[in-house]
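Below is one structure, written out as structure tokens, with a few remarks after it.
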Ligand code: DX5
Ligand code: ZN
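In the working numbering, the protein residues as written are 134 to 487.
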């Protein structure tokens with residue numbers, strides 16, 4: 134688990150398509166925070182990639198969140214298949230047929246997953262305006278979608294990345310700005326300064342002979358450095374403050390606890406991470422506090438943390454009793470931690486959005 138603020142989503146677009154299971158395992162071992170899966174239909178973009186079956190196939194291979202980026206003309210037609218495949222989030226493009234946008238976003242939210250809209254470099258952010266209340270994710274493209282390995286459009290990033298946060302202002306917990314295209318060690322610090330949560334990194338990780346883990350750590354560290362440099366009014370952030378996970382809790386409880394902690398002046402960041410899956414199919418959120426404030430947070434809130442964790446356990450039991458589902462707790466061979474729910478389990482679960 135990363136110690137800082139920024140998260141790296143590894144795009145598998147430029148991995149070896151004949152051996153995706155290996156690519157996923159390798160990237161997870163090398164420290165990926167999550168996966169970014171680029172779905173292309175040869176129509177919305179001039180390229181073809183994977184479909185829901187591939188995502189379904191890799192779902193049991195990793196604990197990490199799977200973010201689907203749909204570059205397809207008809208997202209609504211396929212949304213149920215992508216939900217059923219086990220994506221943690223689904224982001225599609227605001228440039229598609231507008232009659233599909235709201236129903237597709239609603240379907241994603243109803244399934245308890247994070248819903249996002251992506252904007253091409255030439256599309257203004259104001260295109261998101263009618264949908265802002267339905268968004269968990271805004272994905273800003275800093276290359277023309279379709280291919281990996283293109284150069285980062287700095288002017289697009291400068292214009293949109295900070296502003297993208299505005300469209301998520303209704304969401305105190307779990308809102309994410311993603312940047313996609315041309316992200317690497319040259320561009321990460323600049324991007325971090327614009328407050329991005331998730332940096333999608335593709336082609337540079339899959340270059341033959343490249344140390345993938347080091348590349349991921351560099352991008353993450355540089356993005357954090359950029360963020361803190363900006364907060365520090367342009368003075369180098371020394372010492373750099375890492376963020377550490379204080380607790381993992383279901384969304385509603387995470388929101389309350391976050392408010393309690395922040396009341397005392399300690400800044401908290403809430404992100405989807407590797408938290409366990411709850412019986413409603415939604416993961417626990419990570420609440421991160423600055424490492425320099427960890428001791429103080431523990432001193433003030435250790436007892437609250439125990440209470441919140443108890444409350445979470447009671448909520449899970451009550452949910453299971455009421456809805457007749459069990460949280461996925463079976464161990465997979467050779468892996469620690471809970472298995473994500475099967476698509477059937479997920480599909481049988483009622484809405485849990487908010
Ligand atoms: C491009 C895709 C990206 C791609 C990024 O259409 O949306 O996710 O993988 O690749 P790089 O990091 O090489 O720009
Ligand atoms: Zn993408």
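Positions of the beta carbon are idealized from the N, C-alpha and C atoms, including for glycine.
About 6 Å separates the CB atoms of residue 298 and residue 310; that is less than 8 Å, so the two are in contact.
The C-alpha of residue 345 lies about 36 Å from the C-alpha of residue 210. By the Cβ criterion, the segment 300-308 is not in contact with the segment 280-291, since fewer than three pairs of Cβ atoms, one from each stretch, lie closer than 8 Å.
Taking 8 Å as the cut-off, the C-beta of residue 278 counts as close to a heavy atom of the ligand ZN. The beta carbons of residue 329 and residue 139 sit about 7 Å from each other, so the pair counts as a contact at 8 Å.
The Cβ neighbour count for residue 182, taken over all protein chains shown within 10 Å, is at least 16; the residue is labelled buried. In the structure shown, residue 425 adopts helical secondary structure according to DSSP, grouped into three states.
Look at the beta carbons and you see the segment 421-435 touching the segment 397-406: at least three pairs across the two are nearer than 8 Å. Assigned with DSSP and collapsed to three states, residue 223 falls in strand.
Distance from the CA of residue 177 to the CA of residue 233, rounded to the nearest whole angstrom, comes to 14 Å. When Cβ pairs closer than 8 Å are counted between the two stretches, the segment 356-363 is seen not to touch the segment 183-202, the count staying below three.
For the ligand DX5, a non-hydrogen atom lies closer than 8 Å to the CB of residue 317.
By a beta-carbon distance limit of 8 Å, residue 412 contacts residue 453. Their separation comes to about 5 Å. In this structure, 381 is the residue among 381, 331, 186 and 353 with its C-alpha nearest to the C-alpha of residue 442. Assigned with DSSP and collapsed to three states, residue 380 falls in strand. Our two residues, residue 306 and residue 249, have alpha carbons roughly 15 Å apart in a direct line. Under a 10 Å Cβ-count criterion, residue 340 is classified as exposed, with fewer than 16 other Cβ atoms of the shown protein chains found around its own Cβ. When only Cα atoms are considered, residue 159 and residue 410 end up about 23 Å apart. In this structure, the beta-carbon distance from residue 272 to residue 251 falls below 9 Å.
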